[in-house]
Structures are given as structure tokens and as C-alpha cells.
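Heads up: the structure comes next, in C-alpha cells.
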Amino acid sequence: MSHADSPVPVKARSGNTLTGRMCPPGDKSISHRALILGLLAIGETKVRGLLEGDDVLRTAAACRALGAQVTREADGAWRIAGAGIGGLHQPEQVLDFGNAGTGSRLMMGVAGSHPVTVTFDGDASLRKRPMGRILDPLTRMGVTVVDQAEGGRVPLTLKGPRETIPIRYETPVPSAQIKSAVLLAGLNAPGTVTVVENQASRDHTERMLRLFGAQVSVEPHGEAGRLITLAGQPELRGVELTVPADPSSAAFPIVAALITPGSDIVVESVMTNPLRTGLITTLMEMGADITLTNERENGGEVVADLRVRHSALRSVEVPPERAPAMIDEYPVLAVAAAFAEGETQMRGLHELRVKESDRLQAVSDGLAAAGVAHRIEGDDLIVCGDGSAPPGGGTAQTHLDHRIAMSFLVLGLAAPGGMAVDDGAMIATSFPDFVPAMRRLGAEILEG
Numbered sequence: 001m002s003h004a005d006s007p008v009p010v011k012a013r014s015g016n017t018l019t020g021r022m023c024p025p026g027d028k029s030i031s032h033r034a035l036i037l038g039l040l041a042i043g044e045t046k047v048r049g050l051l052e053g054d055d056v057l058r059t060a061a062a063c064r065a066l067g068a069q070v071t072r073e074a075d076g077a078w079r080i081a082g083a084g085i086g087g088l089h090q091p092e093q094v095l096d097f098g099n100a101g102t103g104s105r106l107m108m109g110v111a112g113s114h115p116v117t118v119t120f121d122g123d124a125s126l127r128k129r130p131m132g133r134i135l136d137p138l139t140r141m142g143v144t145v146v147d148q149a150e151g152g153r154v155p156l157t158l159k160g161p162r163e164t165i166p167i168r169y170e171t172p173v174p175s176a177q178i179k180s181a182v183l184l185a186g187l188n189a190p191g192t193v194t195v196v197e198n199q200a201s202r203d204h205t206e207r208m209l210r211l212f213g214a215q216v217s218v219e220p221h222g223e224a225g226r227l228i229t230l231a232g233q234p235e236l237r238g239v240e241l242t243v244p245a246d247p248s249s250a251a252f253p254i255v256a257a258l259i260t261p262g263s264d265i266v267v268e269s270v271m272t273n274p275l276r277t278g279l280i281t282t283l284m285e286m287g288a289d290i291t292l293t294n295e296r297e298n299g300g301e302v303v304a305d306l307r308v309r310h311s312a313l314r315s316v317e318v319p320p321e322r323a324p325a326m327i328d329e330y331p332v333l334a335v336a337a338a339f340a341e342g343e344t345q346m347r348g349l350h351e352l353r354v355k356e357s358d359r360l361q362a363v364s365d366g367l368a369a370a371g372v373a374h375r376i377e378g379d380d381l382i383v384c385g386d387g388s389a390p391p392g393g394g395t396a397q398t399h400l401d402h403r404i405a406m407s408f409l410v411l412g413l414a415a416p417g418g419m420a421v422d423d424g425a426m427i428a429t430s431f432p433d434f435v436p437a438m439r440r441l442g443a444e445i446l447e448g
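Each residue of the sequence shown is one higher than the last, beginning at 1 in UniProt numbering.
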């Protein structure tokens with residue numbers, strides 16, 4: 001399925017127990033970065049387990065347009081022959097990122113820091129997403145915004161300098177995308193680039209930069225922040241790596257098993273980076289029966305197999321400082337909360353309003369369609385459950401958002417009335433195998 005296809009209505013029905021093992025697709029964040037750093041490296045990078053969703057394939061196409069040779073082998077491995085820092089080519093066409101917010105924002109840091117002129121565009125959803133927080137530090141580094149849609153949105157055109165200006169930048173919000181764009185732009189700076197975070201965000205870029213040979217230091221800053229320093233103009237070298245399973249994708253079978261009576265599944269090779277496990281922490285606080293086994297290292301990250309069994313969940317209060325570690329998982333957490341006893345309070349969700357959709361409103365509308373009592377108070381979402389399954393039976397409007405679609409299909413697997421979504425086509429952006437993978441566990445999900 002692709003977000004560019006005609007809408008594909010999808011419905012999930014309850015009644016089946018979920019059993020068996022599954023491995024979610026490769027982590028989207030790692031997949032984007034593996035391609036991008038492969039582009040900037042000298043020599044060949046080989047990547048196994050790359051997420052072959054539409055978002056990542058758009059980044060692969062952008063890397064080709066900027067001078068990398070990107071090929072997929074018969075065994076599923078990807079090879080990237082890099083152009084090197086300072087060696088990017090002038091692309092012949094617009095870089096169309098479809099629905100890929102991460103890919104487009106990170107690539108703005110890469111392309112914007114080189115002496116090329118690049119136009120970025122995307123689908124209707126991406127065109128609604130603000131890019132100003134990325135453009136602000138980049139312009140300070142010498143990048144020229146030649147043209148942009150109203151409100152700093154795509155389509156926009158950037159013209160890069162021969163070398164970027166090394167800066168010290170304090171991120172206005174905890175955002176791995178902002179931090180990563182600055183660090184990637186800093187690779188072509190003749191000096192040291194520093195990013196100050198008052199609250200730590202995902203650290204995949206720092207980890208992977210080190211893997212490719214960059215000098216990156218990370219120090220504590222304040223109570224919960226970090227000070228990241230990058231030495232500019234390193235010579236990155238191609239590497240071999242395996243992409244761990246995406247915890248944001250693993251969230252859907254995990255919650256499905258927790259809320260579906262009698263279920264017992266194993267989700268394999270899930271990344272357990274502490275800056276990505278906010279959902280697991282929260283679910284365990286709610287009483288979830290989740291056991292981590294076979295912990296090991298994969299692609300510079302720690303991974304584990306997760307055994308998940310149906311559980312009676314109770315309400316909790318999720319503090320706002322946990323948001324960076326689970327920002328993409330709040331929609332499916334809201335589904336889990338609908339089955340829990342009491343009021344689950346999710347605090348400080350402003351960032352959900354600037355995702356693929358206004359996710360906070362989309363979650364609220366979906367919960368209403370499922371008959372779930374809830375309310376929004378400012379940037380807080382409060383979900384009220386009684387420990388039993390909500391009625392379901394409605395249709396959730398997805399607004400071209402893959403996580404909204406999957407979250408409410410998960411709800412339908414345990415709600416007596418099931419649940420439909422108006423369009424499941426865009427699920428391919430992050431979890432192309434979602435429907436068949438869930439069916440193999442026993443789920444009843446119908447397309448069309």
C-alpha cells in the first residue's frame with residue numbers, strides 16, 4: 001500500500017486470540033540515518049534490515065539524486081556508495097519526500113549545508129507540517145531559503161554555502177529532528193558545532209555518527225538535558241550494519257496482545273534504547289505483562305525480544321518529560337488506556353499537533369468514534385476507562401496518518417463492535433507488512 005494510492009478502507013474485528021512470534025520492520029529513524037550517512041561517507045555502506053516503507057524509500061531516492069549509488073541486493077541488503085562530505089551533486093529534479101517528515105527535515109540539514117540548490121516537496125500531509133524550526137538554525141549556519149510556502153512549509157528551496165558556519169544552538173523543544181539537522185549540517189562546517197538540549201531527545205544520530213567515524217561528545221546538561229558537540233568536516237567511512245526492529249512499530253502488536261484476551265506473543269529484536277522505551281515503561285506501570293529476553297547489541301543499539309501477554313491494565317499519569325521517549329506512541333497508548341481501569345492522564349502533548357496530522361485531535365476523534373470517554377485539557381489527553389473493552393463499531397478518520405490508522409485497527413481487535421479506518425493506504429510509510437503480520441498472529445483485519 002502507498003499513501004499515493006486511492007483510499008483503502010480497513011476494518012478490524014474482535015474475537016481472535018493473538019499468538020506466535022513476529023519481527024516488526026526495521027527502525028525508521030535508523031533506516032533514514034543509515035542511508036543519509038552512507039551518502040556522506042567515503043566507500044560503501046551495507047545495510048541489512050532496512051525498513052522498505054515509502055518514507056525510507058523517498059530518502060533513498062533523495063540520496064541517489066544527491067550523488068550516491070544506492071542499490072538493493074537480491075538478499076534484501078542495501079548498498080550505498082557515498083558521495084562524501086562536500087561531494088554532493090546538484091539534483092536534477094525536486095526531492096519529493098511524500099509523507100516523510102523525518103527524511104525531509106534531516107535531508108534539509110544535509111543538502112542545505114552544501115553548495116547546491118535543492119527544492120523539497122511532499123504530499124498533502126507533509127505540506128501542512130511546519131519546517132521553520134529546522135530552517136532557523138540552518139539559516140544561522142549560512143543556508144539561504146530561496147523560496148518557501150506560507151508559514152515555512154514545503155515546497156521550499158534551499159541554497160547552501162560552500163561550508164557551513166559552526167554554531168552553538170539551543171533547541172527550542174526536545175526534538176531529534178532539529179538536533180539531527182543541525183549536526184548533519186555541521187558535518188560540513190570548519191569547526192565545532194554544539195547543540196544544547198534542555199531535555200534529551202532520541203540519540204540515534206549521535207550513535208550513528210560515531211559508528212561512521214565522526215567525533216561526537218555528549219555531556220549532561222541541567223537536570224535532564226544534554227550538550228552534544230561535533231567536530232566538523234570528518235572523513236566518514238562506510239560501514240556494515242543491521243537495522244534493529246522499530247519500537248514505534250512494535251507498539252501496535254504489543255498493545256494488541258495486552259488488550260486481547262488470551263493473547264501471548266513474542267515481538268523479536270526490538271530496539272530498547274532508553275530514549276525510545278517510554279511506551280514500554282508506561283505500559284509496565286499500567287500492569288502490562290511484558291518480559292524482555294535475549295538482550296544483545298544490533299547496529300550500535302541494544303535490542304531484546306519482548307514476550308507480551310494479555311493483562312488487566314490500570315490508569316497512570318504520564319509525565320510530560322517522558323514525551324520525547326514515546327512521542328509517536330501516544331495514539332496507541334490512548335488505545336491501551338481505553339481498556340484500563342480509571343483515568344489515564346497524558347501530559348504535555350503539544351508536539352502531537354505538528355505530526356503527520358494534528359494527532360491529538362485525530363486521537364480524540366477516533367476515541368469518540370469508538371465510544372471511549374475522554375477529554376482534552378490544553379495539551380493534555382485524559383482517557384477514562386472502566387477496565388472493560390469499549391464498544392467500538394465506528395470509523396476513525398486517519399488524515400493520511402499511518403499511526404492513527406494502525407492504532408484504531410488495534411482497538412478494533414478487542415472492541416466488541418470492531419473498528420474501521422477510512423484509509424489504511426498510508427500504513428506503508430512505516431509498516432508495509434502490518435496487515436499480513438497481524439493476520440499471522442491471528443488478527444482479523446479486512447481491507448477494502
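Even glycine gets a Cβ: it sits at the ideal position worked out from N, Cα and C. The structure presented is a predicted model; accordingly, all values stated were derived computationally and were not measured.
Nearest residue (CA-CA) to residue i, options the options
| i | options | result |
| --- | --- | --- |
| L413 | L333, H310, L352, I259 | I259 |
| T281 | V303, G300, E295, V316 | V316 |
| A34 | L57, G225, I228, P24 | L57 |
| Q199 | E206, V94, L227 | L227 |
| S263 | Q361, H310, N298, G300 | H310 |
| E343 | G366, A373, E197, E321 | A373 |
| L352 | G222, N273, K28, P320 | P320 |
| M426 | M141, D358, S125 | S125 |
| P261 | L184, T157, V146, F339 | F339 |
| G238 | S29, V383, L40, F431 | L40 |
| V335 | G87, R140, P130, R314 | R314 |
| A203 | S180, A214, A62 | Sequence inspection shows Asp at residue 203; the Ala mentioned does not correspond to that position. It is S180 whose Cα lies nearest to the Cα of D203. |
| A224 | N273, R322, M406 | R322 |
| L446 | A428, T429, L409 | L409 |
| E73 | L333, T45, G67 | T45 |
| L183 | A337, R153, Q233 | Q233 |
| F431 | F252, Q69, V143, L230 | F252 |
| G160 | K128, P130, T102, P91 | P91 |
| G186 | A389, A65, T205 | T205 |
| residue 517 | V146, L106, R64 | The structure shown has nothing for residue 517, since the chain only spans 1 to 448. |
Extent of the continuous beta strand (DSSP E) run through residue i
| i | result |
| --- | --- |
| N221 | Contrary to the premise, residue 221 reads as His rather than Asn in this sequence. H221 -> beta strand (DSSP E) spans 216-221. |
| T429 | It is not in any beta strand (DSSP E) - T429 carries neither H nor E in the DSSP assignment. |
| L313 | Careful: L313 lies outside any beta strand (DSSP E) and carries neither H nor E. |
| G393 | That residue, G393, is in no beta strand (DSSP E); it is neither H nor E in DSSP. |
| K11 | 10-13 |
| K128 | Premise fails: K128 is in no beta strand (DSSP E) and is neither H nor E. |
| V146 | 144-149 |
| V173 | First-last for V173: undefined, no H or E at that position. |
| residue 457 | This structure cannot settle anything about residue 457, because the visible part of the chain is limited to 1 through 448. |
| G38 | Premise fails: G38 lies in the alpha helix (DSSP H), 28-40, not in any beta strand (DSSP E). |
| L158 | 153-159 |
| M205 | Note that residue 205 is Thr in the sequence shown, not Met. Run containing T205: none in the beta strand (DSSP E); it sits in the alpha helix (DSSP H), 204-211. |
| E197 | 192-197 |
| G20 | 19-22 |
Classification of residue i by the beta-carbon crowding that lies within 10 angstroms, buried from 16 upward
| i | result |
| --- | --- |
| Q177 | buried |
| R398 | Reading the sequence as shown, one finds Thr at residue 398 and not Arg. Buried is the call here. |
| E377 | exposed |
| N294 | exposed |
| A4 | Bear in mind that a pLDDT of 46 at A4, under 50, signals an unreliable position, so the number given afterwards is only what the model happens to contain. Exposed, since its Cβ has fewer than 16 Cβ neighbours within 10 Å. |
| A325 | buried |
| M1 | Legend: pLDDT at M1 = 39, less than 50; position of this residue unreliable, no value from coordinates given. |
| S249 | buried |
| E297 | exposed |
| H350 | exposed |
| T171 | buried |
| P25 | buried |
| A149 | exposed |
| D386 | exposed |
| T102 | buried |
| R359 | buried |
N- and C-terminal bounds of the alpha helix (DSSP H) containing residue i
| i | result |
| --- | --- |
| G412 | 402-412 |
| T139 | 132-140 |
| P436 | 434-440 |
Residue i: CB within 6 Å of a non-hydrogen atom of the ligand PLP
| i | result |
| --- | --- |
| E235 | The model depicted lacks the ligand PLP and carries no ligand whatsoever. |
Min CB distance residue i to chain D below 7 Å
| i | result |
| --- | --- |
| L135 | Protein chain content of the structure displayed is limited to a single chain, and chain D is not contained in it. |
Beta strand (DSSP E) runs contained entirely in the stretch 49-124, provided each spans 3 or more residues: 69-72, 78-81, 117-121
Beta strand (DSSP E) segments (min. 3 residues) lying fully within the stretch 224-304: 225-231, 240-242, 264-271, 289-298
At least 3 beta-carbon pairs within less than 8 Å: the stretch 240-247 vs the stretch 42-57: yes
At least three beta-carbon pairs within less than 8 Å, the stretch 209-220 to the stretch 130-149: no
Segment contact, 8 Å Cβ cut-off, at least three pairs: the stretch 434-447 with the stretch 272-286: no
The stretch 416-431 touching the stretch 393-408, judged by at least three CB pairs closer than 8 Å: yes
Touch test, the stretch 217-226 against the stretch 17-27, Cβ-Cβ under 8 Å, three pairs minimum: no
Beta strand (DSSP E) segments (min. 3 residues) lying fully within the stretch 314-397: 341-346, 373-377, 380-386
Three or more C-beta pairs below 8 Å linking the stretch 289-304 and the stretch 359-367: no
Stretch-stretch touch, CB-based, cutoff 8 Å, three pairs: the stretch 177-197 with the stretch 154-165: yes
Contact the stretch 73-88 vs the stretch 271-278: 3+ CB pairs below 8 Å: no
Three or more C-beta pairs below 8 Å linking the stretch 91-103 and the stretch 58-72: yes
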